[in-house]
Amino acid sequence: MTNCSSSSSSSSNKHSKYRPIGEEEEGYKKAPIKGNSYGTIIAGGEEEDNGEDDGSSSLYPIDLTVKERLVRKLDLRMMLWGFFAYFANNLDRNNLQNAFTMGMDKDLDLKSSAYNWAIAIFSIGYLILQIPGSIIVAKFSPRWILPSCVVAWGTVVCFMTLIQDYKGLWVLRFCLGLMEAPFYPGMIFLFGNFYTKDELGKRVMFLATGNEFSGAFGGFIAGFITDTMHNVGGLPAWKWLFIIEGSIAISLGIIGYFLLPDFPHNTLWLTPEERNLAVLRVQQKNQSNKNPAAIYNWKRAGDVLTATPYIWIMLAIFSCLSLGHYMIANFAIILRDMGFSVSFANYMLTPVNFFAAIFSVCVGWSSDKSGDRALHIAGVSLWVGIWCLILASVNGGNNPAPLVIIGTCGIVVGNSLHALCLAWTGEIYKHDQYARAVAIAFVNSLGNLLGKLATIKTWVVTDSPAFWLGKISSMVASFMAVILTILLWFLLRANFVIPKKSIQNSREYKVIEEEETTIIRNNR
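FYI, full-length UniProt numbering numbers position 113 of the sequence shown as 113, with every residue one higher than the one before it.
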C-alpha cells in the first residue's frame, strides 16, 4: 500500500498507472490533505456539519492494473456463478407452466384455483423468509449461505416427483419459496459490497438475464423431455422435468462454495493488494464494507420502513411490474389451448425469452451509461402497457397466433425492470448497509407476492387462451408503474426526505474502519 508521501508524488504524474477514484486522467486539483486509516491520501473539501466525511469527495490513488485484475476476478467468479445460480432459481420457480402443459394438471386434478394458488403460495413463503434471510446474509457469510440456499431449493424441486395431489404441491411450493427467498437480494447485496455504482447496474442486469435465459432453456428442456422421456422408468414427463431441473440447482450450489467471496476485507482468493483496493472502492461509495458489529433487529427494520416514503413507492412500482408482464407465465398454456402441441408450446418459450435476455442486457448497459433509472423503468413500462392494450382489444383477447407471439415478445421485455428497480432501491439507501439489505428484500419479496396474489383473480387459467381480464389488469398495472416512477423521480430530485446514514450505522462504520486498518496493515 502506498504511504502519504508517495501517494502525493504519484498523483502529480499524469501518465502514472495510479489514478484517483472519481477523477479524469488530466489530474486533480490540490485540496486539504487528510490521512485516512489506510495511509493513503484523502483529498476533499470540508466535512459535513455532523463531523463525518460523506465520502463523496474522497480521492484514493489506485493502481489501475490491480483494479482491472480485481474486477476480472469478481466477474469470473461472483458474477458468473450468480448468473447461473439465478438461472436455476428461475428455472425451478417458473417450471409449473411447463409441467402444467406436460400433463401435471390431469395427474393432480389441478383445477383453476388450485393451480393459481400453487403459483401464489410460493410468494408467501418467499415473503416470510426474505427479510430475515437477507439480514442473515448481511450479518454472516454469503459464501456459505447463498450456495446452501441453491442446494436446498434444488432438493425441494426433486421432492416434487413424490407429490400425489395439489395439497402436496402447495406444501412444496411454499417450501421452495422459503429456500429461494434470500438468494436474489443476497446477490444484489453482495454485488453492492464489491462493485462501484458505475459497474453495478450492468452486472445486476446481467444477473437478471438469468431469468430470461432460464425461461428459454426451461422451454427447451420441457419440449425435449416431452418428446423423449415420457414414461421412461414409469415416470411421466413432468416428473422428469422436476428431477433434471432440481439436479441442476444442486450441482450449481456445490460449485458456489468454492467460487463466492465473503466481504471485501476477508475474501481468501483475493491478494492482499486486491483486498485493500476492494475495501477502498466500497468506502468511496460511503458504504460500510465489512460485516458490521450491528444490532440486527425488527426495530431497526421498522425504522427503515417508516423513515422515508421511497420504500413504499418502490414497492408499489415493483408490484405493478410483477403483474404487468405476467403474460409470459401463461404463454405455453395459451399456445397449447390454441391447439398447438405440448412440445411446440414449450419450445416457443425459447425464442421469446432469448429476445427478452438480449433486451435486458441493452437496458442495463443504457441505464449505466446514462446514469438514469427512472426513464428506463417508465419507458419500458409504457411500452408493455401498450402491448397489453393491443392484445386485449383484438377479438376480445382471442388473438391469432402471430399476434400472440409478437405481443408476448413486446410484453416480456418488462422482465428487465425488476433488476433495475432493485438496483435503484439500493442506490436510494446507499448510506446504510443494513437499510439497503432490508429495503431490497422488502421490495422484492412483498412486491412479488402482491403481484402474484392479483393474478389469482385476473389471470385465471380457465380463461385461456383469451385471458382478457388478465391482459387488462396487466395494462393498468403497467401504466400505474409509469406514474409512480415519475413521482419517485420527482421526489428524489426535490431531495424530499432523502435516506441518510443512521447514527447507529455511523458509529458502526467508524468501528469497522479501525478494524479494517488493522487487517490491511497485517496484510502488507
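In this text, a Cβ means the ideal position worked out from N, Cα and C, and glycines have one as well.
- I163 is classed as buried because its beta carbon has at least 16 other beta carbons within 10 Å across all chains shown.
- Counting along the chain, D92 sits inside the alpha helix (DSSP H) bounded by residues L80 to R93.
- In terms of Cβ geometry, T455 and N116 form a close pair [threshold 8 Å].
- In this structure, S343 places its C-beta atom within 8 Å of the C-beta atom of T226.
- Look at the beta carbons and you see the stretch 441-454 not touching the stretch 380-399: under three pairs across the two are nearer than 8 Å.
- In the structure shown, M338 falls within a coil segment according to DSSP collapsed to helix, strand and coil.
- Relative to the Cα of G219, the nearest Cα in the group K73, I377, I358 and L335 belongs to L335.
- Unbroken alpha helix (DSSP H) runs of no fewer than 4 residues, entirely contained in the stretch 380-438, are found at 401-412 and 416-428, following chain order.
- The beta carbon of Y166 sits closer than 6 Å to the beta carbons of L108, L110 and A114 from its chain, once the five residues preceding and following it are set aside; these are given in chain order.
- Measuring C-alpha to C-alpha distances from N95 to each of G364, A329, K73 and A345 identifies A329 as the nearest.
- Here the alpha carbon of M475 sits roughly 25 Å from the alpha carbon of G210.
- With a cutoff of 8 Å on beta-carbon distance, G371 and S478 are scored as not near each other.
- Per DSSP, the continuous alpha helix (DSSP H) segment holding R493 begins and ends at W468 to R493.
- If you ignore the 5 residues before and after W238, its C-beta comes within less than 7 Å of the C-beta of A99, M102, G103 and M104, all in its own chain and listed in chain order.
- Taking all protein chains in view, the Cβ of A494 is surrounded by fewer than 16 other Cβ atoms within 10 Å, so the residue is classified as exposed.
- Under the 10 Å beta carbon count, C149 is surrounded by 16 or more other beta carbons and is classified as buried.
- The criterion of a C-beta distance shorter than 8 Å is satisfied by L241 and I221.
- T267 and L70 have their C-alpha atoms roughly 12 Å apart.
- Shown here, D372 sits in coil according to DSSP, grouped into three states, outside any helix or strand.
- Residues of the same chain with a CB within less than 6 Å of the CB of W365, apart from the 5 flanking positions on each side, are K202 in chain order.
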